[in-house]
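Peer 1: Quick one: structure below, then a few questions.
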Ligand SMILES: O=C(O)C(=O)C[C@]1(C(=O)O)C=C[C@@H](O)C=C1
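Numbering (UniProt numbering), first residue to last: 1 to 357.
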């Protein structure tokens, strides 16, 4: 076959794809109407997981699983935006890793609202200024984001999903690598790319700025400058990626939470986050946690934070595998409450187990 004949085949397939995509979108709109009538959530993480999982099973290649997932992320993003003018708040400014995490989950069709603090993301969800919010909760090398933990103590918002984002740092510039006179980035990002910079841009001036996003913004305005930043910064500031993944150590992942007003429905592979405080007496925490060891419910994380009302008293944040509606989890929570002064379930949501999508 000739090139034109092959392209003719692609044109015919594209016509069919557009027809089918619109048919799918019309059905999503019908679903949206039903959800609105029932007062149900528009974003349904449990259903999205089922859709993506099924696609992975159906996919015989050569399309890589990751590409298929990215395509469907955008298809579902378009459905979400048409079902309702969906607004997502995130810890800004634009092009931060939290923005990147939000975009990786909600796609390019919904509206994003940049917030200057984690507290503002919570408030925007609480006050219904937005539908959902995205905040960082922990990093694989730096540990917990304490501002996020502390804000859960006094809020009505619920965790409805989690997102794992590999922190990938890139060299962005309008110039070729030979003409770069200076590099902007955040101090921490320079630290994470030290070896690469020594080997590839020796002697080039390194200028620390407040965020990787503002580094990209500056490099986009200057012809002989570069920035170290995430991929979204290259997209938003129209600046090319010269080199991907220049961080010296790979495997740096940040976990983010999607804040909403309801729990996600059970999927069979879920995670639950709880907050509790125990009586101020010897062995109280040990007694509380022993409830898990006897139950078969797998605790995956524990953090403690000062409770901020009395010195040396703490709140505990625990994640465990399972959904709060599972029988085993219900029994465990009931037993745990006997040892607690306060116990709240912050959310149950699909367990992403460290993976993307
Ligand atoms: O099934 C739904 O509830 C839909 O609205 C459709 C759809 C999709 O496009 O598949 C869109 C958004 C939801 O988060 C989940 C799925």
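Note that beta-carbon positions come from the ideal geometry of N, C-alpha and C, so glycine has one too.
Nothing here was measured: the structure is a model prediction, and the numbers come from that model.
Per DSSP, which one or two residues make a beta bridge with residue 227?
Peer 2: Position 227 of the chain shown holds residue 227. Note: residue 227 sits in a beta bridge opposite 172, 184.
Peer 1: Find the nearest neighbour of residue 351 within the set 258, 292, 312, judged by alpha-carbon distance.
Peer 2: In the chain shown, counting from the first residue as 1, residue 351 sits at position 351. Nearest of 258, 292, 312 to residue 351, Cα basis: 258.
Peer 1: Considering just the uninterrupted stretch of the beta strand (DSSP E) at residue 317, what are its terminal residues?
Peer 2: Walking along the chain shown from the start, residue 317 turns up at place 317. Residues 314-321.
Peer 1: Using a threshold of 8 Å, state whether the C-beta atoms of residue 234 and residue 240 are closer than that.
Peer 2: In the chain shown, residue 234 corresponds to position 234, counting from 1. In the chain shown, residue 240 corresponds to position 240, counting from 1. Contact flag set, yes.
Peer 1: Once the 5 residues before and after residue 89 are set aside, which same chain residues still bring their CB inside 6 Å of it?
Peer 2: In the chain shown, residue 89 corresponds to position 89, counting from 1. Around residue 89: 113, 115, 121, 124, 130, 133.
Peer 1: So who's on the other strand from residue 292, going by DSSP bridges?
Peer 2: Within the chain shown, residue 292 is the residue found at index 292, counting from 1. According to DSSP, which records beta bridges pairwise, residue 292 is partnered with nothing at all.
Peer 1: Where does residue 33 land, buried or exposed, given buried means 16+ other C-beta within 10 angstroms?
Peer 2: In the chain shown, counting from the first residue as 1, residue 33 sits at position 33. Residue 33 comes out exposed.
Peer 1: Please classify residue 192: does DSSP put it in a helix, a strand, or coil?
Peer 2: Locating residue 192 in the chain shown gives position 192, where the first residue counts as 1. Helix at residue 192.
Peer 1: Check for me: the beta strand (DSSP E) holding residue 139 runs from which residue to which?
Peer 2: If you number the chain shown from 1, residue 139 lands on position 139. Residue 139 -> beta strand (DSSP E) spans 132-139.
Peer 1: Name the one or two DSSP bridge partners that residue 257 has.
Peer 2: As a first step, residue 257 must be located in the chain shown, where it is residue number 257. Beta-bridge pairing links residue 257 to 135, 162.
Peer 1: On the three-state DSSP scale, how would you describe residue 32?
Peer 2: Start at 1 with the first residue of the chain shown, and residue 32 comes out as number 32. Three-state result, residue 32: helix.
Peer 1: Have a look at residue 346 and residue 299 and give me their C-alpha separation to the nearest angstrom.
Peer 2: As a first step, residue 346 is located in the chain shown; it is residue number 346 there, counting from the start. As a first step, residue 299 is located in the chain shown; it is residue number 299 there, counting from the start. Rounded to the nearest angstrom, the two C-alpha atoms are 15 Å apart.
Peer 1: When every heavy atom of ligand 1 is checked, does at least one fall within less than 7 Å of the C-beta of residue 158?
Peer 2: For the purposes of this step, residue 158 is taken as residue 158 along the chain shown, with counting starting at 1. The answer is no for residue 158.
Peer 1: Suppose you measure from the CA of residue 229 to the CA of residue 266; what does that come to, to the nearest Å?
Peer 2: Here residue 229 refers to the residue found at position 229 of the chain shown. Here residue 266 refers to the residue found at position 266 of the chain shown. When rounded, the distance between both Cα atoms is 36 Å.
Peer 1: Considering only C-alpha positions, which residue in the set 164, 208, 178, 301 is nearest to residue 252?
Peer 2: As a first step, residue 252 must be located in the chain shown, where it is residue number 252. Considering only alpha carbons, the answer is 164.
Peer 1: What are the complete beta strand (DSSP E) segments, minimum 3 residues, inside the UniProt domain "Chorismate mutase" (1-87)?
Peer 2: With a minimum length of 3 residues, no continuous beta strand (DSSP E) run stays inside the UniProt domain "Chorismate mutase" (1-87).
Peer 1: What does the Cβ neighbour count give for residue 322, buried or exposed, with the cut at 16 atoms within 10 Å?
Peer 2: Along the chain shown, one-based indexing puts residue 322 at 322. Flag for residue 322 reads buried.
Peer 1: Going by C-alpha distance, which of 80, 288, 52 is nearest residue 35?
Peer 2: Counting from one through the chain shown, the residue named residue 35 turns up at place 35. Of the listed residues, the one whose Cα sits closest to residue 35 is 80.
Peer 1: What are the residues that DSSP puts in a beta bridge with residue 112?
Peer 2: Here residue 112 refers to the residue found at position 112 when the chain shown is read from its first residue. According to DSSP, residue 112 bridges with 88.
Peer 1: Could you tell me the boundaries of the beta strand (DSSP E) in which residue 276 lies?
Peer 2: Locating residue 276 in the chain shown gives position 276, counting from the first residue. First-last of the beta strand (DSSP E) with residue 276: 270-278.
Peer 1: Is residue 95 near residue 213, with beta carbons less than 8 Å apart?
Peer 2: Taking the first residue of the chain shown as position 1, residue 95 is located at position 95. Taking the first residue of the chain shown as position 1, residue 213 is located at position 213. Closer than 8 Å, so yes.
Peer 1: Can you tell me the Cα-Cα spacing of residue 232 and residue 100, whole angstroms?
Peer 2: In the chain shown, the residue the question calls residue 232 occupies position 232. In the chain shown, the residue the question calls residue 100 occupies position 100. Rounded to the nearest angstrom, the two C-alpha atoms are 6 Å apart.
Peer 1: Which same chain residues, not among the five before or five after residue 149, have their C-beta less than 7 Å away from its C-beta?
Peer 2: The residue labelled residue 149 in the question sits at position 149 within the chain shown. Contacts found: 303, 305, 317.
Peer 1: Do you know whose CA, among 87, 97, 118, 91, lies nearest residue 110's CA?
Peer 2: Here the question's residue 110 lines up with position 110 in the chain shown. Nearest option by C-alpha distance: 87.
Peer 1: With distances taken Cα to Cα, identify the nearest neighbour of residue 186 among 274, 172, 159, 215.
Peer 2: For the purposes of this step, residue 186 is taken as the residue at position 186 of the chain shown. Looking at the Cα atoms, 215 is the closest of the given residues.
Peer 1: Could you spell out the range, first to last residue, of the beta strand (DSSP E) harbouring residue 345?
Peer 2: Counting from 1 along the chain shown, the entry for residue 345 is found at position 345. Its beta strand (DSSP E) spans residues 340-350.
Peer 1: For residue 255, count neighbouring Cβ atoms within 10 angstroms of its own Cβ and tell me buried if that reaches 16, exposed if not.
Peer 2: Position 255 of the chain shown, counting from 1, holds the residue named residue 255. Residue 255 comes out buried.
Peer 1: May I ask you to verify whether the region 201-211 touches the region 168-181, counting CB pairs closer than 8 Å and requiring at least 3?
Peer 2: Yes: at least three Cβ pairs fall under 8 Å.
Peer 1: What span of residues does the beta strand (DSSP E) with residue 98 cover, start to end?
Peer 2: The residue given as residue 98 occupies position 98 in the chain shown. No beta strand (DSSP E) holds residue 98; the alpha helix (DSSP H) holding it covers 97-106.
Peer 1: For residue 219, does the count of other Cβ atoms within 10 angstroms reach 16, so buried, or fall short, so exposed?
Peer 2: For the purposes of this step, residue 219 is taken as the residue at position 219 of the chain shown. It counts as buried.
Peer 1: Given this structure, state the Cα-to-Cα distance separating residue 46 from residue 2, to the nearest angstrom.
Peer 2: As a working note, residue 46 is residue 46 in the chain shown. As a working note, residue 2 is residue 2 in the chain shown. Each residue's Cα considered, the two are about 45 Å apart.
Peer 1: If we count the other Cβ atoms within 10 Å of its Cβ and call it buried at 16 or more, is residue 330 buried or exposed?
Peer 2: If you number the chain shown from 1, residue 330 lands on position 330. Exposed, because fewer than 16 other Cβ atoms sit within 10 Å of the Cβ of residue 330.
Peer 1: Nearest to residue 236 by alpha carbon, out of 247, 221, 245, 250?
Peer 2: The sequence position of residue 236 within the chain shown is 236, counting from 1. The candidate whose alpha carbon is nearest that of residue 236 is 221.
Peer 1: At what residues does the alpha helix (DSSP H) containing residue 123 begin and finish?
Peer 2: Locating residue 123 in the chain shown gives position 123, counting from the first residue. Residues 118-126.
Peer 1: Using the C-alpha atoms, what's the distance from residue 14 back to residue 6?
Peer 2: For this step, residue 6 is matched to residue 6 along the chain shown. For this step, residue 14 is matched to residue 14 along the chain shown. In a straight line, the C-alpha of residue 6 is about 13 Å away from that of residue 14.
Peer 1: Is the CB-CB distance between residue 171 and residue 242 below 8 Å?
Peer 2: In the chain shown, residue 171 corresponds to position 171, counting from 1. In the chain shown, residue 242 corresponds to position 242, counting from 1. Contact: yes.
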